[in-house]
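Enquirer: The sequence shown: position 42 = 42 (my numbering), numbered continuously.
Even glycine gets a Cβ: it sits at the ideal position worked out from N, Cα and C.
So that we are looking at the same thing, I have put the structure below in structure tokens.
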Amino acid sequence: IVDMGCFARVETNGGGFEQVNLLFGENPNKAVRGWTKPFKDAGIQTHMLERALNGIRMTPVPADVRRLMFKVKKLQGTDIARSFCGLNDPR
Numbered sequence: 001i002v003d004m005g006c007f008a009r010v011e012t013n014g015g016g017f018e019q020v021n022l023l024f025g026e027n028p029n030k031a032v033r034g035w036t037k038p039f040k041d042a043g044i045q046t047h048m049l050e051r052a053l054n055g056i057r058m059t060p061v062p063a064d065v066r067r068l069m070f071k072v073k074k075l076q077g078t079d080i081a082r083s084f085c086g087l088n089d090p091r
């Protein structure tokens, strides 16, 4: 992807990416930072599909918790987070 030189941003991770690390007793911060580093070094923004807060039944998610999650994502190396609303629909 980096060598192609035609992407301004790529979707790099989501909740499942981190949950797999947690299931195996690994630190997801290391995995996310390692995976996003080549993109960051090349100037490519990283993008995440966010649905993890809803997946753990935190609905509705309090605004302060959501802000904290996005702050953590930025520290992990994710530039853009896009909320997936399908799990927010109570129907």
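State yes or no: is the C-beta of Thr-36 within less than 8 Å of the C-beta of Arg-9?
Expert: By one-based count along the sequence shown, residue 36 stands at place 36. By one-based count along the sequence shown, residue 9 stands at place 9. In this structure, Arg-9 does not lie closer than 8 Å to Thr-36 by Cβ.
Enquirer: Within 10 Å of its beta-carbon, does Met-48 have 16 or more other beta-carbons around it, so buried, or fewer, so exposed?
Expert: Your numbering for residue 48 matches position 48 in the sequence shown. Label assigned to Met-48: buried.
Enquirer: Three or more C-beta pairs under 8 Å: does that hold for the stretch 21-29 against the stretch 60-70?
Expert: Judged by Cβ distances under 8 Å, the stretch 21-29 makes no contact with the stretch 60-70, as fewer than three pairs qualify.
Enquirer: Count the other C-beta atoms from every protein chain shown that fall within 10 angstroms of the C-beta of Ile-44, then say buried if there are 16 or more, exposed otherwise.
Expert: Here the question's residue 44 lines up with position 44 in the sequence shown. The residue is buried, with at least 16 neighbouring Cβ atoms inside 10 Å.
Enquirer: Grouping DSSP H, G and I as helix and E and B as strand, with all else coil, what is Asn-21?
Expert: Sequence index remark: in the sequence shown, residue 21 carries index 21 (1-based). Helix at Asn-21.
Enquirer: How is the beta strand (DSSP E) around Met-48 delimited, first residue to last?
Expert: Counted from its first residue, the sequence shown places residue 48 at position 48. Where Met-48 is concerned, the enclosing beta strand (DSSP E) stretches over 45-50.
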